[in-house]
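A.B. asks: Got a structure for you, questions after.
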Ligand code: PAF
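Here it is as structure tokens:
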């Protein structure tokens with residue numbers, strides 16, 4: 022595996038490649054969810070590139086940028102094992118040099134859900150992902166369905182800006198008890214880890230009630246909220262049943278819907294979703 026630590030090194034390596042390039046952008050602290058993206062990228066492309074960059078511009082001032090878990094040596098060992106061809110690990114100073122002031126912003130769908138709770142978050146995500154796409158020039162880029170809104174926002178950016186690549190979204194990878202894999206799960210103490218299963222339980226409840234014929238989205242949201250409120254360590258940021266494409270809240274589930282939620286377990290904010298379709 023080659024390691025590019027500067028943009029120039031990455032661009033030089035890119036120029037030497039022929040054939041398709043699969044790209045997995047990450048913030049590191051890799052888990053099975055990331056590795057499922059790497060595996061798929063390897064299966065579908067001649068070369069696989071994985072970036073590791075904890076992007077400061079997508080964290081709000083009171084969020085966990087400073088404490089976000091980092092373990093680059095372990096990440097590199099995992100990537101090596103997955104037979105990744107190139108790991109790209111740029112520095113913050115090079116990605117955001119002094120005076121940096123150009124931004125990529127998708128309007129509309131970024132106002133809802135995560136965007137409403139985390140102002141500026143998606144502007145940071147789209148800016149860094151656009152930069153990474155310009156540097157790596159992938160044929161395909163891989164994202165997890167766990168960050169469903171992020172995947173939609175990136176697809177919209179790629180379509181609106183005529184970027185020449187395909188976005189592939191892969192299913193959420195879960196722990197045995199259903200908790201969606203996330204680097205932030207590491208913040209949870211044992212009691213919180215147990216409580217965190219409430220997110221997936223609430224999503225399963227939504228799916229079960231929908232399978233039983235419940236199409237009233239307000240009732241479904243209320244049933245999910247009531248279940249989560251039984252967990253003393255959980256504090257709800259939002260519970261949503263929305264159109265899978267526009268993310269507009271539904272009153273009647275008469276089209277494919279995304280049940281999604283953000284819940285704080287202690288100090289840790291977790292998100293998850295499930296499709297009703
Ligand atoms: O999903 C993530 O890990 C990040 O938002 C991404 C896409 C790597 C951009 O920093």
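Numbering (this note's numbering), first residue to last: 22 to 298.
Where is the CB? At the ideal position from N, CA and C, for every residue including glycine.
Name, in chain order, the residues that DSSP records as bridge partners for residue 294.
C.D. replies: Residue 294 sits at position 273 when you count from the first residue of the chain shown. BP columns for residue 294 point to 281.
A.B. asks: When the Cα atoms are used, what is the spatial distance from residue 267 to residue 65?
C.D. replies: Mapped onto the chain shown, residue 267 falls at position 246. Mapped onto the chain shown, residue 65 falls at position 44. Residue 267 and residue 65: Cα-Cα distance of roughly 29 Å.
A.B. asks: Using the three-state DSSP reduction, which class does residue 139 fall into: helix, strand or coil?
C.D. replies: Counting from one through the chain shown, the residue named residue 139 turns up at place 118. Three-state result, residue 139: coil.
A.B. asks: Considering only the alpha carbon of each residue, which of 240, 26, 217 lies closest to residue 112?
C.D. replies: What you label residue 112 is simply residue 91 of the chain shown in a count that begins at 1. For residue 112, the nearest C-alpha among the options comes from 26.
A.B. asks: Between which two residues does the beta strand (DSSP E) containing residue 47 stretch?
C.D. replies: Walking along the chain shown from the start, residue 47 turns up at place 26. 42-47 is the span of the beta strand (DSSP E), which, as asked, contains residue 47.
A.B. asks: For ligand 1, is there a heavy atom less than 7 Å away from the beta-carbon of residue 192?
C.D. replies: As a position in the chain shown, residue 192 is number 171, starting the count at 1. Not so, every heavy atom of ligand 1 lies at least 7 Å from the Cβ.
A.B. asks: In terms of residues, what are the limits of the alpha helix (DSSP H) holding residue 252?
C.D. replies: Looking up residue 252 in the chain shown gives position 231. Note, residue 252: premise wrong, no alpha helix (DSSP H); not H, not E.
A.B. asks: For the candidate residues 198, 114, 169, whose alpha-carbon lies nearest to that of residue 135?
C.D. replies: Along the chain shown, one-based indexing puts residue 135 at 114. It is 169.
A.B. asks: Please look up how many angstroms separate the CB atoms of residue 148 and residue 167, rounded, as I've assumed it's under 8 Å.
C.D. replies: Locating residue 148 in the chain shown gives position 127, where the first residue counts as 1. Locating residue 167 in the chain shown gives position 146, where the first residue counts as 1. Incorrect: roughly 21 Å between the Cβ atoms, too far for contact.
A.B. asks: Could you name each continuous alpha helix (DSSP H) segment of 4 residues or more that falls completely within the region 209-257, going from the start of the chain to the end?
C.D. replies: Correct list: 211-216, 219-232, 238-250.
A.B. asks: Taking 8 Å as the cut-off, does the region 82-97 touch the region 213-229 (at least 3 CB pairs, one atom from each stretch)?
C.D. replies: No, they do not touch.
A.B. asks: Do the region 225-235 and the region 137-145 make contact, defined as three or more Cβ pairs closer than 8 Å?
C.D. replies: Too few Cβ pairs lie closer than 8 Å, so no.
A.B. asks: Contact defined as beta carbons within less than 8 Å: I believe residue 100 pairs with residue 59. What is the distance between those atoms, to the nearest angstrom?
C.D. replies: As a working mapping, residue 100 is identified with position 79 in the chain shown. As a working mapping, residue 59 is identified with position 38 in the chain shown. Between residue 59 and residue 100 the Cβ distance is about 7 Å, and since that is below 8 Å, they are a contact.
A.B. asks: Please state whether the Cβ-Cβ distance between residue 238 and residue 279 is less than 8 Å.
C.D. replies: To locate residue 238, count along the chain shown from 1; it is residue 217. To locate residue 279, count along the chain shown from 1; it is residue 258. No; because the gap between Cβ atoms is not below 8 Å, this pair is not in contact.
A.B. asks: Going by DSSP, name the residue or residues bridged to residue 117.
C.D. replies: Taking the first residue of the chain shown as position 1, residue 117 is located at position 96. Answer by DSSP bridge pairing: none, since residue 117 is not bridged.
A.B. asks: Go ahead and label residue 276 buried or exposed: buried means 16 or more other beta carbons lie within 10 angstroms of its beta carbon, across all protein chains shown.
C.D. replies: Residue 276 sits at position 255 when you count from the first residue of the chain shown. Classification of residue 276: exposed, given that the 10 Å Cβ count is below 16.
A.B. asks: Give me the DSSP bridge partner(s) of residue 154.
C.D. replies: Mapped onto the chain shown, residue 154 falls at position 133. Looking at the DSSP assignment, residue 154 forms no beta bridge with any residue, so it has no partner.
A.B. asks: Between residue 297 and the rest of its own chain, which residues show a CB-CB distance below 8 Å, the 5 nearest in sequence each way excluded?
C.D. replies: Taking the chain shown and counting its residues from 1, the one referred to as residue 297 is at position 276. If we look at residue 297 and ignore the five residues flanking it on each side, its Cβ neighbours are 227, 228, 231, 262, 274, 277, 278, 279, 280.
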